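Going by UniProt numbering, the residue at position 180 of the sequence shown is 180; the numbering climbs one at a time, nothing skipped.
Don't be surprised by glycine CBs; every beta carbon is placed ideally from N, CA and C.
Please read these numbers as outputs of a predicted model, since none were measured by experiment.
Below is one structure, written out as structure tokens; the observations come after it.
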Amino acid sequence: MTGPAAATTDASTTDASTAQAPAADATTAADATTAAAGTPEATGSTPRRQARGTRRHDAIVRAAADVILRDGPAALTHRTVAAEAGVPLAATTYYFHGLDELVAEAGAVLAAGWADHAAQHVEVARAAVADGIRPGTDGHRRRAELLTDAILPVGDRTATTGFYEHLVGAARSTALAAAYASGRAALDAALAQMLDVLGLGLDEMLVVAVVDGAAVSALAEGRDVRAHATDLLEQLLSALDR
Numbered sequence: 001m002t003g004p005a006a007a008t009t010d011a012s013t014t015d016a017s018t019a020q021a022p023a024a025d026a027t028t029a030a031d032a033t034t035a036a037a038g039t040p041e042a043t044g045s046t047p048r049r050q051a052r053g054t055r056r057h058d059a060i061v062r063a064a065a066d067v068i069l070r071d072g073p074a075a076l077t078h079r080t081v082a083a084e085a086g087v088p089l090a091a092t093t094y095y096f097h098g099l100d101e102l103v104a105e106a107g108a109v110l111a112a113g114w115a116d117h118a119a120q121h122v123e124v125a126r127a128a129v130a131d132g133i134r135p136g137t138d139g140h141r142r143r144a145e146l147l148t149d150a151i152l153p154v155g156d157r158t159a160t161t162g163f164y165e166h167l168v169g170a171a172r173s174t175a176l177a178a179a180y181a182s183g184r185a186a187l188d189a190a191l192a193q194m195l196d197v198l199g200l201g202l203d204e205m206l207v208v209a210v211v212d213g214a215a216v217s218a219l220a221e222g223r224d225v226r227a228h229a230t231d232l233l234e235q236l237l238s239a240l241d242r
């Protein structure tokens with residue numbers, strides 16, 4: 001566990017739209033003034049302004065991540081992010097040098113979330129082993145279920161469809177693909193730990209490839225994604241016993 005056509009929206013259009021919104025973001029303007037002032041009178045409120053700026057920055061990144069997951073990377077523009085975050089359009093250009101920077105930060109947040117999701121399932125696997133997963137073939141189904149749950153996103157078929165649509169869409173965004181590639185190590189580390197807990201001598205990248213491939217084929221063919229991925233993983237685990 002990955003550019004958008006809209007992400008390459010003409011920067012001049014965005015700049016023009018921003019310029020037509022006078023005083024659209026008094027908060028960001030005040031932040032800039034405070035940062036430039038550096039006077040003793042200004043420094044008293046600087047920590048509060050910095051905290052407010054950090055919160056707004058993080059809210060914009062989170063909103064961008066939500067847009068990417070829900071609508072795909074191609075839907076990401078300064079306007080869609082501003083609307084999602086509930087902030088003035090000017091804020092999306094004040095905190096980020098360009099759309100690629102925002103995409104990269106949103107991608108890093110998403111990748112970290114997948115790694116955290118897998119890490120949480122390491123503990124689920126520990127509990128399952130403690131409860132007595134049966135060794136050998138009898139326990140393969142349960143192990144396959146645990147691994148599938150650690151890799152697939154939480155949610156219904158709509159959530160899973162959106163997840164894989166946006167992964168494929170990342171191929172068109174250099175910034176998003178780079179963010180996913182950078183975050184892959186943390187995901188692989190969590191899954192490697194989980195495989196060790198389950199007593200399986202498999203490469204974590206192979207397991208992810210099986211689940212992702214099963215998910216895409218199941219979505220394309222109208223099958224149950226989780227069940228299909230679990231079935232294929234169970235077959236893989238059974239093949240190891242031969």
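Rounded separation between residue i and residue j - CA only
| i | j | result |
| --- | --- | --- |
| L219 | R126 | 30 Å |
| A227 | T77 | 36 Å |
| V208 | A181 | 14 Å |
| F96 | V109 | 15 Å |
| A130 | V124 | 10 Å |
| M205 | R157 | 24 Å |
| V216 | D149 | 16 Å |
| H121 | E105 | 25 Å |
| G222 | L195 | 29 Å |
| A74 | I133 | 44 Å |
| R49 | E101 | 22 Å |
| A186 | Y94 | 30 Å |
| A112 | G183 | 6 Å |
| A90 | A177 | 26 Å |
| H117 | A83 | 28 Å |
| A65 | P47 | 27 Å |
Where residue i falls, given that 16 or more other Cβ within 10 Å makes a residue buried
| i | result |
| --- | --- |
| R56 | buried |
| D224 | exposed |
| V168 | exposed |
| A171 | exposed |
| V87 | buried |
| A239 | exposed |
| G155 | exposed |
| T92 | buried |
| A51 | exposed |
| T230 | buried |
Top-ranked residue by Cα proximity to residue i, from the options
| i | options | result |
| --- | --- | --- |
| V197 | A82, L146, T93 | L146 |
| A115 | T92, M205, L191 | L191 |
| D241 | V207, H140, G213 | H140 |
| L202 | T174, V124, G213, E234 | E234 |
| A128 | A178, G199, A63, E105 | G199 |
| A85 | D58, L99, L152, P47 | D58 |
| A189 | I151, S173, G213, V210 | I151 |
| D212 | H166, A64, T174 | H166 |
| T174 | V103, Q193, V210, A111 | V103 |
| A214 | G183, T160, G113 | T160 |
| Q193 | L99, G113, A119, R52 | A119 |
Coarse secondary structure for residue i, derived from DSSP in three states
| i | result |
| --- | --- |
| G53 | helix |
| D188 | helix |
| P88 | coil |
| A26 | Residue placement at A26 cannot be trusted, given a pLDDT of 43 that sits under 50; what the coordinates show is reported in the next sentence. Three-state result, A26: helix. |
| F96 | coil |
| S173 | coil |
| L198 | coil |
| P153 | coil |
| I60 | helix |
| G139 | helix |
| L206 | helix |
| R242 | coil |
| L76 | coil |
| I133 | coil |
| residue 297 | Past the boundaries of the shown model lies residue 297; the chain is included only from 1 to 242, so the question cannot be answered. |
Cβ separation of residue i and residue j, assumed to be a contact under 8 Å, to the nearest whole Å
| i | j | result |
| --- | --- | --- |
| A179 | G107 | 3 Å |
| V61 | T80 | With a Cβ gap of about 14 Å, V61 and T80 do not count as contacting. |
| L163 | L69 | Residue 163 is actually Phe in this sequence, not Leu. Indeed, because the Cβ distance is near 7 Å, the residues count as touching under 8 Å. |
| L237 | R142 | Not really, about 10 Å apart at Cβ, beyond 8 Å. |
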